[in-house]
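If you read the sequences in order, they're chains A and B. FYI, this note's numbering numbers position 127 of the first sequence as 346, with every residue one higher than the one before it. FYI, this note's numbering numbers position 163 of the second sequence as 382, with every residue one higher than the one before it. Ideal Cβ placement from N, Cα and C applies to all residues, glycine included. Just so we're clear, the structure is a prediction, and the values are computed from it rather than from any experiment.
Number of protein chains: 2
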Amino acid sequence: MSTEEKSIGGYSFEEYVEIVKTFHGSSAPGVILGGVMVEEAKRHLPEGKLFDAICETRVCLPDAVQLLTPCTIGNGWLYIEDFGRFAITLYDKETGEGIRVHLDVDKLPQAPEIEAWFMKKKKKGEQNLDKILKEIKEKGEKLLSVSRVHVRPDRYRRLKTGPVAICPQCKEAYPARDGVICRACSSQ
Amino acid sequence: MSTEEKSIGGYSFEEYVEIVKTFHGSSAPGVILGGVMVEEAKRHLPEGKLFDAICETRVCLPDAVQLLTPCTIGNGWLYIEDFGRFAITLYDKETGEGIRVHLDVDKLPQAPEIEAWFMKKKKKGEQNLDKILKEIKEKGEKLLSVSRVHVRPDRYRRLKTGPVAICPQCKEAYPARDGVICRACSSQ
């Protein structure tokens, strides 16, 4: 894909950067590169299929998923399994078949500014955000590795809340399955 | 506040419902009521102060916070402490002084459709979404209770990633503080 054509979720690269600024509060490289990763994962999925998402870190990446897919934290289609790895998986919630995309450290030397940022070789004040974003725009896809994975959907499916009870201690509503008092009161 | 004037985060009530549909995938009552809760909390905070957010459930509410405040999962200013309680806290990240807003079950009988939905007295197919949203618009604030709370900011502050290492097993980058291999590999 040439630089001119690059688009992320139907936005131009520059539009996506602006959307990230508004939602995330800054044009953080992790959310911008995350957008390239989400696009790459989508390209490998059959079109029109409903998918769920897993992020293997809670830093930055979940916001790219939330901006570019139907999956959010609040609707339960995005699950964060915080391994501290910069990787996302989009998978068919029926079959568990999915695509995992991660930033491949072996490929990083071709993008020295991204490498310096991601591997913390430069302090924040020494990083050049414009250069990092330029490298993401020009070479983002080339730094990724893609693999087919099988996810056990039951592992990541959010439990239905089920019947609601009133906690005798705090007098607030909570999922009755949690026991005789709510988790907040029982953890005190 | 009269029904006509009702606005959420600078949007009209109806605009907010549309924004929720786009982001969350449906006009879920939890995200709409969550918007009223975020507004209520903001009204009690000093203007212009930077605040962090805590949601006491991962269902619906986090999306209201992400849409209406600078706090997202990916930027670390939103923390989910999943007690299963329908409550949010916005707090000054310097002092820990904050405002907690929760849906007060004692006040629910004045909004029978919301009560039937929230307390699961009606099955989903029997609920009337239009009536629920009308009650949220007309009476949302009246169903809430607000309290001043003190939060220990260090409890909710996200750790900096710190130095990055390459996991000898999966060959991916991970926070070096996690040990000799990454958490994904050590959990297998």
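For A306(A), the enclosing beta strand (DSSP E) begins and ends at 306–311. Around T291(A), the beta-carbon contacts reaching into chain B at under 7 Å are F242, H243, D282.
Here R396(A) has G381 as same chain residues with Cβ atoms under 6 Å from its own Cβ, once five neighbours each way along the sequence are excluded. Residue environment: N347(A) is assigned as exposed (fewer than 16 neighbouring CB atoms within 10 Å of its CB, all protein chains considered).
Per DSSP, the beta-bridge partners of P394(B) are V383(B). Residue environment for R319(B): buried (at least 16 other C-beta atoms within 10 angstroms of its C-beta).
Beta bridge pairing from DSSP links R319(A) with T308(A), S366(A). Contact between Y393(A) and R304(B) holds: their C-beta atoms lie close to 6 Å from each other, under 8 Å. Taking 8 Å as the cut-off, the beta carbon of E360(B) is found no closer than this to the beta carbon of A330(B). Note that the C-beta distance between I351(B) and I292(A) is not below 8 Å. Chain B places no beta carbon closer than 8 Å to that of N347(A), leaving this residue out of the contacts. Interface with chain A (8 Å Cβ-Cβ cutoff): V383(B) is included. Spatial neighbours of A260(A) in its own chain (CB-CB distance under 7 Å, excluding positions within 5 residues in sequence) are listed in chain order as I307, L309, I318, V320. The continuous beta strand (DSSP E) containing F270(B) extends over residues 270–274. In the three-state DSSP reduction, I400(A) falls in the coil class, being neither helix nor strand.
Beta-bridge annotation (DSSP): I227(A) is paired with Y230(A). Here the region 235–250 of chain B makes no contact with the region 247–264 of chain A; the two share fewer than three CB pairs at distances below 8 Å. Within chain A, the residues V278, G303, K339 have their CB atoms less than 8 Å from the CB of T380(B), given in chain order.
Put simply, the CB of A330(B) is far from chain A, with every gap to its CB atoms at 8 Å or more. Listed as beta-bridge partners of I299(B) by DSSP are C274(B).
Interface with chain A (8 Å Cβ-Cβ cutoff): P394(B) is included. Residues E259, A260, H263, I318, R319, V320 of the same chain have their beta carbon placed closer than 8 Å to that of V365(A), with the five preceding and five following residues left out of the count.
Ranked by how close their Cα comes to the Cα of K356(A), the residues G228(A), E233(A), G229(A) have E233(A) in first place. Here the C-alpha atom of Q285(A) lies approximately 36 Å from the C-alpha atom of Q388(A). Scanning its chain for C-beta atoms nearer than 8 Å, with the 5 sequence neighbours on each side dropped, one finds around S405(A) the residues D397, G398, in chain order.
The Cβ-Cβ distance between V250(A) and C279(A) falls below 8 Å. Under the three-state reduction of DSSP output, M256(A) falls in the helix class.
One thing to note: L287(B) has its Cβ no nearer than 8 Å to the Cβ of D323(B).
With 16 or more neighbouring CB atoms inside 10 Å of its own CB, P281(A) falls in the buried class. Taking C-alpha positions only, L327(B) is separated from D271(B) by approximately 28 Å.
The shortest C-alpha to C-alpha distance from P372(B) to any of W296(B), I385(B), K342(B), C401(B) is the one to W296(B).
Counting along the chain, K350(A) sits inside the alpha helix (DSSP H) bounded by residues 348–358. Contact check for C401(B) and F337(A): beta-carbon distance about 15 Å, past the 8 Å limit, so the pair fails to qualify.
G249(A) sits in a helix when the DSSP states are folded into three classes.
Rounded to the nearest angstrom, the gap between the Cα atoms of E345(B) and N294(A) is 21 Å. Nearest to V383(B) by alpha-carbon distance, out of A335(A), K339(A), R377(A), is K339(A).
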